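I have placed the structure first, in the form of structure tokens, so that the comments after it can refer back to it.
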Amino acid sequence: MRERIEERAKKQGSRLKRTPFLVSCAFLYFCMICPLLVTARLCGGLNMTDGLKMGFGGGLVPVLEQSLRVSVLMTLSGFLLGAIGDVNKSIGKAIQGEDSLVTGGIFRFFRHPNYTGEVIGWCSSCCAAFLAVFWKAAKTGEGGLALLRTMAPYLSLSVMGAIGISFVLGTATAGLEYRQHEKYGDMEEYKQWVKKSWVGFKMGQQRKKPSEDTADGDDEGSVDSEEKAEL
24 MRERIEERAK KQGSRLKRTP FLVSCAFLYF CMICPLLVTA RLCGGLNMTD
74 GLKMGFGGGL VPVLEQSLRV SVLMTLSGFL LGAIGDVNKS IGKAIQGEDS
124 LVTGGIFRFF RHPNYTGEVI GWCSSCCAAF LAVFWKAAKT GEGGLALLRT
174 MAPYLSLSVM GAIGISFVLG TATAGLEYRQ HEKYGDMEEY KQWVKKSWVG
224 FKMGQQRKKP SEDTADGDDE GSVDSEEKAE L
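Start counting the sequence shown at 24; every next residue gets the next number (the numbering used here).
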């Protein structure tokens with residue numbers, strides 16, 4: 024996906040013409056790291072292992088604290104899923120060949136674990152930022168309202184980042200679904216794989232209705248002709 028984005032950027036011409044695109048990408052990246060800035064500022068000293076000793080009861084503050092820990096763990100789990108997917112696919116392609124369809128390992132359950140994992144990671148990170156602010160505000164008491172006002176811009180940017188990257192990854196998932204269906208749609212292995220695996224978070228218009236012998240959920244996302252490259 025990165026290569027296609029860079030190729031499109033080059034086709035736009037001079038650096039001056041590409042400036043709006045580069046600025047928008049930089050802004051998206053900044054929005055995506057805002058949750059980390061919030062949690063790093065407010066959660067200093069919060070011990071993750073303490074969550075094993077306490078439940079969700081005992082009032083609002085403990086509930087928020089435990090929920091914050093869960094969100095952080097979900098963030099790490101999402102990015103770990105994406106990393107495992109990348110490694111799994113690289114090994115599979117190296118063993119079976121670049122044109123092979125990788126359906127083993129983590130791909131047995133997730134058709135696009137790298138995209139799915141990143142969506143989970145970035146959205147969980149955004150949730151963690153909100154929980155961190157609410158948790159700190161609840162602990163602070165009267166000063167909580169001032170904290171909410173201070174953190175509101177960062178939380179707004181965090182939401183923009185989560186929505187933005189989810190849209191990018193969702194449309195990328197739809198594009199990959201389309202290309203895989205075009206390339207492997209006649210293979211029985213592909214049809215069985217689609218039936219048993221989860222597509223993840225997909226966005227985009229359906230190009231055409233899949234044939235009756237394809238599995239449920241094998242929708243074809245809207246992609247540019249440039250994206251119909253070899254997988």
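Glycine residues also receive a C-beta, built at the ideal position from the N, C-alpha and C atoms.
Source: prediction; values computed, not measured.
Buried or exposed (CB count within 10 angstroms, at least 16 for buried), residue i
i, result
"Arg134", "buried"
"Asn111", "buried"
"Gln89", "buried"
"Ile129", "buried"
"Gly140", "buried"
"Ser123", "exposed"
"Phe132", "exposed"
"Ala175", "exposed"
"Pro58", "buried"
"Lys159", "buried"
"Ala169", "exposed"
"Leu39", "exposed"
When the options are compared against residue i, the one with the closest alpha-carbon
i, options, result
"Cys66", "Leu51, Val46, Leu87 and Phe53", "Leu87"
"Trp221", "Tyr207, Arg92 and Asn137", "Asn137"
"Tyr201", "Ile114, Lys225, Ala152 and Arg131", "Lys225"
"Glu211", "Thr126, Phe44 and Leu104", "Thr126"
"Phe102", "Leu192, Phe153 and Gly144", "Gly144"
"Val191", "Ile118, Leu178, Ala106 and Cys48", "Cys48"
"Ser181", "Phe157, Ala152, Gly166 and His204", "Ala152"
"Ala63", "Tyr177, Lys219 and Thr194", "Tyr177"
"Ala197", "Arg172, Gly223 and Ala106", "Gly223"
Any chain B beta carbon closer than 8 Å to residue i
i, result
"Lys214", "Included in the structure is just one protein chain, with no chain B present."
Per-residue DSSP class, three states only, for residue i
i, result
"Phe133", "strand"
"Asp109", "helix"
"Thr126", "coil"
"Cys66", "coil"
"Gly208", "coil"
"Glu121", "coil"
"Met226", "coil"
"Pro233", "Caution applies to Pro233, whose pLDDT of 43 falls short of 50 and renders its modelled position unreliable; the value that the coordinates give is listed next. Reduced to three states, the DSSP call for Pro233 is coil."
"Gly82", "coil"
"Ala169", "helix"
Residues bridged to residue i [DSSP beta-bridge criterion]
i, result
"Trp221", "Phe133"
Report task. Taking 8 Å as the threshold, find out whether the region 170 to 190 comes into contact with the region 211 to 221 through three or more Cβ pairs. Result -> no
Query - the region 88 to 102 contacting the region 112 to 121, beta-carbon criterion three pairs below 8 Å - result: no
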